[in-house]
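Peer 1: What follows is a single structure, and I will ask about it in a moment.
2 protein chains.
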Amino acid sequence: MAVDNSDKEFMATLAKGLAVLGSFDKARPAMTLSQAAQAAGLSRATARRILRTLTTLGYVEQSGRQFALSSRILKLGYAYLATQNWIEQAAAPMRQLSEQFHESCSLAILQGTEIVYVARIPASRIMSVALAVGTRLPAFHTALGRIQLGYLDDAELWRRLRSLRIEAYTPSTITDIQALFDRVREDHAQQFAIVDEELERGLRAIAVPILDRNGQAVAALNLSTHTTRTTRSEMRERFLPSLRGVAEQISASVV
Amino acid sequence: MAVDNSDKEFMATLAKGLAVLGSFDKARPAMTLSQAAQAAGLSRATARRILRTLTTLGYVEQSGRQFALSSRILKLGYAYLATQNWIEQAAAPMRQLSEQFHESCSLAILQGTEIVYVARIPASRIMSVALAVGTRLPAFHTALGRIQLGYLDDAELWRRLRSLRIEAYTPSTITDIQALFDRVREDHAQQFAIVDEELERGLRAIAVPILDRNGQAVAALNLSTHTTRTTRSEMRERFLPSLRGVAEQISASVV
DNA sequence: AACCTCTGTTCGATAATCGAACAAAATAAC
DNA sequence: GTTATTTTGTTCGATTATCGAACAGAGGTT
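Residue numbers (the working numbering), protein chains in the order written: chain U, 1 to 255; chain Z, 1001 to 1255.
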């Protein structure tokens, strides 16, 4: 774990504790003491002290030799959402949008080269992508990310492009960084992004930005579908007007 | 901040860091250094080191003299959801239920004397209660909580009742702890709970338990409505069969 | 029963962390 | 613009929190 040795005020113990918390994920829903030590890059004794402290505080639960996150950890994530009124207020209009088009509707914030989902209304379908609030996806290969990246200046956009670890998730993934740059600029000009199958076969999504009063993107809103259900032009013609309407509604409550 | 002095392995630095993180909330979306020190019960120098460490790690953002949670905290805060497949898989059937009855549908877990929402499909209505995942509400005054409390033995149920700080949220709030106990037992016997206006005027909800393979309640599922739209008997007759059906579906994916 | 893996505990050593005190910066009041 | 007040940044020696190797104990597998 990278520690900022130059800053004597940096609290390594806190960082280690958060590293342990952050090592639980979908692939590792529960871990033994030794597994957690390995996942967080710590000694067994240190990991043990951290896990026992987290258990005492209620953020982790121990069951036999297995440690797992407690639902109390949601309080930390919720605190962020609770401080963003506009996210709460987005839920109902997003639901209406989802109902109107029978597709999933999501709200996400750009963070570095990723997006993080802050609200999600799943489609009422058996074949529906299950994504929870908190999920992170690559920004350059999602409509939600691409439209927000368009609000960065060229220097910052290139900086993030160069830091990207390019991965071809599907045969459709754009991997040339100049092509990605151009696409971000085009999407910005038209004020919406459509991304097809760059992360997953069959997945097509359209997104528009949520703007603050200074005209800066603070988030993006999307509708996603399967390529067999909706064409790109159908998205542009049928989905986009309503998506823009709801985005403006949400933007109005952003401070 | 209460520190377990008896346990020499308890990591107070980690606990202090989490106390600072936990001091951000709806009432305190952003704080200065001194405010955070006060809110977390720490010295200014300690709070400063913690906030700067959290900022370096990306969980907090500094803007001038103000510190606020960063959206990156969602990764920690919602990692719990990522570790629970059954919650992800619940989203689509919950959405279908919500569509069928045009009401909000929620999934919540009991924790002490509170419930914490882990999934929510809001009704497609302008007058819809905005509740985010992570929201906590009193268990004894909600259908979601009352039905889960029914799975505790008498001793544990009384222990939690006695620790309850009774508050009359509305004229309809049950405040007599014997009456609450009786109601929990009755609801358990009938395997569903209906709660009317105990937390908020006009709010009526019906909930059923989500069971694990040992027949223990791990969560509860509800549908909520406004008292003017749906009567208690309509809930029992129209909502309950479908609610039970979806609850069984969700229970099947709980491990 | 033997072996292997994992966890619990302890200790002296190290360095992380503390917070008071003072300097510096920002804000408020006039 | 000036002055006063409030808040934050920085530093230091002191304290103690934290470290991890080593060993004992527990649990699981063969």
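Yeah, the Cβ is synthetic: ideal placement off N, Cα and C, and Gly gets one too. Being a predicted model, the structure only gives us computed values, none of them experimental.
For the region 136-159 of chain U, list every residue whose C-beta sits within 7 Å of some C-beta in chain Z, in sequence order.
Peer 2: Within the region 136-159 of chain U, the residues whose Cβ lies closer than 7 Å to some Cβ of chain Z are Arg136, listed in chain order.
Peer 1: Contact criterion: CB-CB distance below 8 Å. Does histidine 124 (chain U) meet it with respect to chain Z?
Peer 2: Working through the first sequence from its first residue, we reach residue 124 (chain U) at position 124. Position check: residue 124 (chain U) holds serine in this sequence, whereas histidine was assumed. Answer yes: the Cβ-Cβ gap between serine 124 (chain U) and chain Z drops below 8 Å somewhere.
Peer 1: Alpha carbon to alpha carbon, how far is phenylalanine 1101 (chain Z) from lysine 1016 (chain Z)? Give it in angstroms, no decimals.
Peer 2: As a working mapping, residue 1016 (chain Z) is identified with position 16 in the second sequence. As a working mapping, residue 1101 (chain Z) is identified with position 101 in the second sequence. Their backbone Cα atoms lie some 46 Å apart in a straight line.
Peer 1: Let me confirm a value: glutamate 156 (chain U) is counted as buried when at least 16 other C-beta atoms fall within 10 Å, else exposed. Which label applies?
Peer 2: Taking the first sequence and counting its residues from 1, one reaches residue 156 (chain U) at position 156. Glutamate 156 (chain U) should be labelled exposed.
Peer 1: Does any CB atom of chain U fall closer than 8 Å to the CB of alanine 1037 (chain Z)?
Peer 2: On the second sequence, position 37 is the one that residue 1037 (chain Z) refers to. Closer than 8 Å: no.
Peer 1: Report yes if the C-beta distance between glutamine 111 (chain U) and alanine 217 (chain U) is below 8 Å; otherwise report no.
Peer 2: For this step, residue 111 (chain U) is matched to residue 111 along the first sequence. For this step, residue 217 (chain U) is matched to residue 217 along the first sequence. The answer is no: Cβ separation not under 8 Å.
Peer 1: Extract the residue ranges of the beta strand (DSSP E) inside the region 108-166 of chain U, only unbroken runs of 3 or more that lie entirely within it.
Peer 2: Counting only runs of 3 or more, we get 114-121, 136-138.
Peer 1: Determine the burial state of proline 241 (chain U): buried for a count of at least 16 other Cβ atoms within 10 Å of its Cβ, exposed for fewer.
Peer 2: Here the question's residue 241 (chain U) lines up with position 241 in the first sequence. Exposed, by the Cβ-count rule.
Peer 1: Residues of chain U with CB closer than 8 Å to the CB of glycine 1077 (chain Z), please, in chain order.
Peer 2: Working through the second sequence from its first residue, we reach residue 1077 (chain Z) at position 77. Here the neighbours are Ile73, Leu74, Lys75, Leu76, Gly77, Tyr78, Ala79, Tyr80, Gly134.
Peer 1: Does the beta carbon of valine 1116 (chain Z) come closer than 8 Å to any beta carbon on chain U?
Peer 2: In the second sequence, counting from the first residue as 1, residue 1116 (chain Z) sits at position 116. Yes, because at least one Cβ of chain U sits closer than 8 Å to the Cβ of valine 1116 (chain Z).
Peer 1: Using a Cβ cut-off of 8 Å, pull out every chain Z residue sitting near phenylalanine 67 (chain U), in sequence order please.
Peer 2: Numbered from its first residue, the first sequence carries residue 67 (chain U) at position 67. Per Cβ cutoff of 8 Å: no residues; phenylalanine 67 (chain U) is ~11 Å from chain Z at best.
Peer 1: Does arginine 1044 (chain Z) come within less than 8 Å of chain U when only Cβ atoms are used?
Peer 2: Here residue 1044 (chain Z) corresponds to residue number 44 of the second sequence, with the count starting at 1. Answer no: the Cβ-Cβ gap between arginine 1044 (chain Z) and chain U never drops below 8 Å.
Peer 1: Note down the Cα distance separating isoleucine 206 (chain U) from threonine 170 (chain U), rounded to an integer number of angstroms.
Peer 2: For the purposes of this step, residue 206 (chain U) is identified with residue 206 of the first sequence, where counting begins at 1. For the purposes of this step, residue 170 (chain U) is identified with residue 170 of the first sequence, where counting begins at 1. C-alpha separation (whole angstroms): 18 Å.
Peer 1: Which runs of the alpha helix (DSSP H), 4 residues or longer, sit entirely within the region 162-229 of chain U?
Peer 2: Entirely contained in the region 162-229 of chain U, the alpha helix (DSSP H) runs reaching 4 residues are, in chain order, 177-190.
Peer 1: Return the chain-ordered list of same chain residues with a C-beta closer than 8 Å to the C-beta of threonine 1271 (chain Z), the five sequence neighbours on each side being excluded.
Peer 2: No statement about residue 1271 (chain Z) is possible, as the shown extent of chain Z runs from 1001 to 1255 and does not include it.
Peer 1: Anyone know if the C-beta pair for valine 1122 (chain Z) and serine 1104 (chain Z) falls short of 8 Å?
Peer 2: Position 122 of the second sequence, counted from the start, is the residue given in the question as residue 1122 (chain Z). Position 104 of the second sequence, counted from the start, is the residue given in the question as residue 1104 (chain Z). A quick correction: the sequence has proline, not valine, at residue 1122 (chain Z). Yes; because the gap between Cβ atoms is below 8 Å, this pair is in contact.
Peer 1: Do we get a CB-CB distance below 8 Å when we pair proline 29 (chain U) with the residues of chain Z?
Peer 2: On the first sequence, residue 29 (chain U) is found 29 positions in, with the first residue counted as 1. Chain Z contact via Cβ: present.
Peer 1: What is the DSSP secondary structure of serine 1034 (chain Z), counted as helix, strand or coil?
Peer 2: In the second sequence, residue 1034 (chain Z) corresponds to position 34, counting from 1. Here serine 1034 (chain Z) sits in helix by DSSP.
Peer 1: Does the Cβ of isoleucine 187 (chain U) have 16 or more other Cβ atoms within 10 Å, making it buried, or fewer, making it exposed?
Peer 2: Taking the first sequence and counting its residues from 1, one reaches residue 187 (chain U) at position 187. Checking the sequence, you will find aspartate at residue 187 (chain U) rather than isoleucine. That one is buried.
Peer 1: Within the continuous alpha helix (DSSP H) that includes serine 1043 (chain Z), where are the two ends?
Peer 2: Walking along the second sequence from the start, residue 1043 (chain Z) turns up at place 43. Counting along the chain, serine 1043 (chain Z) falls outside any alpha helix (DSSP H), and DSSP gives it neither H nor E.
Peer 1: Can you find at least 3 beta carbon pairs, one from the region 1047-1064 of chain Z and one from the region 1026-1036 of chain Z, that sit closer than 8 Å?
Peer 2: Verdict: yes, contact present.
Peer 1: Quick check on glutamine 1249 (chain Z): does DSSP put it in helix, strand or coil?
Peer 2: Residue 1249 (chain Z) sits at position 249 when you count from the first residue of the second sequence. Three-state DSSP puts glutamine 1249 (chain Z) in a helix.
Peer 1: Could you say which of Z:Ile1050, Z:Lys1008, Z:Gly1215 lies nearest to tyrosine 1151 (chain Z) if we only look at CA atoms?
Peer 2: Translated into positions along the second sequence, residue 1151 (chain Z) becomes position 151. The residue with the shortest Cα to Cα distance from tyrosine 1151 (chain Z) is Z:Gly1215.
Peer 1: Could you please give me the residues that DSSP links to alanine 1068 (chain Z) through a beta bridge?
Peer 2: Start at 1 with the first residue of the second sequence, and residue 1068 (chain Z) comes out as number 68. Answer by DSSP bridge pairing, in chain order: Z:Ala1030, Z:Glu1061.
Peer 1: What residues from the region 234-247 of chain U come within 8 Å of chain Z, judged by C-beta to C-beta, listed N to C?
Peer 2: Within the region 234-247 of chain U, no residue qualifies.
Peer 1: Given a cut-off of 8 Å on the beta-carbon distance, is the pair glutamine 1096 (chain Z) and serine 124 (chain U) in contact?
Peer 2: Working through the second sequence from its first residue, we reach residue 1096 (chain Z) at position 96. Working through the first sequence from its first residue, we reach residue 124 (chain U) at position 124. The answer is yes: Cβ separation under 8 Å.
Peer 1: Using a Cβ-Cβ distance under 8 Å, would aspartate 1212 (chain Z) count as near chain U?
Peer 2: Here residue 1212 (chain Z) refers to the residue found at position 212 of the second sequence. So no, aspartate 1212 (chain Z) is outside the interface.
Peer 1: Would you list, in sequence order, the uninterrupted beta strand (DSSP E) runs of no fewer than 3 residues that lie entirely inside the region 80-104 of chain U?
Peer 2: Qualifying beta strand (DSSP E) stretches: none in this window.
Peer 1: Is the shortest distance between the beta-carbon of arginine 25 (chain U) and the beta-carbons of chain Z less than 8 Å?
Peer 2: The residue you call residue 25 (chain U) lines up with position 25 of the first sequence. The sequence as given places aspartate at residue 25 (chain U); arginine does not occur at that position. Chain Z, which has a Cβ nearer than 8 Å to the Cβ of aspartate 25 (chain U), makes this yes.
Peer 1: Within 10 angstroms of its Cβ, does threonine 1135 (chain Z) collect 16 or more other Cβ (buried), or is it exposed?
Peer 2: Indexing the second sequence from 1 puts residue 1135 (chain Z) at position 135. Its Cβ being crowded by 16 or more others within 10 Å, threonine 1135 (chain Z) is buried.
Peer 1: Quick one: Cα of phenylalanine 140 (chain U) to Cα of valine 1116 (chain Z), how far?
Peer 2: Position 140 of the first sequence holds residue 140 (chain U). Position 116 of the second sequence holds residue 1116 (chain Z). So the alpha carbons of these two residues sit roughly 34 Å apart.
Peer 1: List the residues of chain U whose Cβ lies closer than 7 Å to the Cβ of arginine 1049 (chain Z), in chain order.
Peer 2: Counted from its first residue, the second sequence places residue 1049 (chain Z) at position 49. Neighbours of arginine 1049 (chain Z) on chain U, chain order: Glu9, Met11.
Peer 1: Is the distance from the Cβ of tyrosine 1080 (chain Z) to the Cβ of serine 106 (chain U) below 8 Å?
Peer 2: On the second sequence, residue 1080 (chain Z) is found 80 positions in, with the first residue counted as 1. On the first sequence, residue 106 (chain U) is found 106 positions in, with the first residue counted as 1. No, the pair does not count as a contact, with Cβ atoms beyond the cut-off.
Peer 1: List the residues that DSSP assigns as beta-bridge partners of serine 1106 (chain Z).
Peer 2: Mapped onto the second sequence, residue 1106 (chain Z) falls at position 106. Paired residues: Z:Arg1120, Z:Asn1222.
Peer 1: Throw me the rounded Cβ distance for the phenylalanine 10 (chain U) and threonine 1056 (chain Z) pair, which I believe falls under 8 Å.
Peer 2: Taking the first sequence and counting its residues from 1, one reaches residue 10 (chain U) at position 10. Taking the second sequence and counting its residues from 1, one reaches residue 1056 (chain Z) at position 56. Contact holds; Cβ gap of about 6 Å.
Peer 1: For alanine 1091 (chain Z), count neighbouring C-beta atoms within 10 Å of its own C-beta (all shown protein chains included) and say buried if the count is 16 or more, exposed if not.
Peer 2: Start at 1 with the first residue of the second sequence, and residue 1091 (chain Z) comes out as number 91. With 16 or more Cβ atoms within 10 Å of its Cβ, alanine 1091 (chain Z) is classed as buried.
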